[in-house]
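Everything on this sheet refers to the single structure shown next.
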Amino acid sequence: PEAYEDYLRARFALNRSPTPSLDDSVRYFEAAIARDSMFAPAYSGLGAAYMAMGSAFGGALPASARANAIRSAEKALELDSGLAEAHVVLGQASVGQWQWDVAEASYRRAIDLNPNNTMARFRVGVYRAWQCRFEDALAVLKTVPSEVTSGRICRTSSARVSWASGLATFSGARSYRMRPYSIIVAS
């Protein structure tokens, strides 16, 4: 139970809006792992936290954060091969390494394991935008509930997709910060 409580604290810190507390998230995931080294979701969550730390908002060096995320996700899959979130983390890391086929396969596997995993669908949408497949990206992103995209990192990614696809001007993308998800669902 204590490991799970640390895990929940880590999730809360990671998903807090508008600004996640990434250091707290990592600290709580690591505490959960210290209490139960076989708790696969804690490793997967730690991987997600590392990926966030390597983003523009995290302040960590992307390559270092990505390496830590990959290690954490692989450990999670070693413990539980059916953990969809770990595949999402590996997909994100693959995008950061320009390994498009690996990213696509990782995201596909995550959705196969859990079709209701909204973060996997969100990441597929962003991935498709990286591929300049904007219509596909926007179609996928429209299926993602707004509460998933309300965090700062997701809002920024979504606004970039809308702006790059021509659906929003830069000023429209900036105003997106005030009204999460509205630019993407407008068609």
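If you read the sequence shown in this note's numbering, its first letter stands for residue 125, the second for the next number, and so on. Heads up, the beta-carbon is just placed ideally off N, CA and C, and yes, glycines get one too. The model shown is predicted, which means the values in this text are computed figures rather than measured ones.
- Under the three-pair Cβ rule at 8 Å, the stretch 258-271 does not count as touching the stretch 223-238.
- If you look at Leu-237, you'll find it in the alpha helix (DSSP H) that goes 224-237.
- When only Cα atoms are considered, Leu-207 and Asp-148 end up about 23 Å apart.
- Considering only Val-212, Ile-194, Gly-169, Leu-146, the residue with the shortest C-alpha distance to Asp-236 is Val-212.
- Here DSSP, grouped into helix, strand and coil, assigns Asn-192 to helix.
- Leu-185 counts as exposed, since fewer than 16 other beta carbons sit within 10 angstroms of its beta carbon.
- Rounded to the nearest whole angstrom, the C-alpha separation of Gln-216 and Pro-165 is 17 Å.
- In the DSSP annotation of this structure, the continuous segment of the alpha helix (DSSP H) that includes Asp-147 starts and ends at 146-159.
- Out of Ala-210, Ala-127, Arg-257, the CA that lies nearest to the CA of Glu-154 is found in Ala-127.
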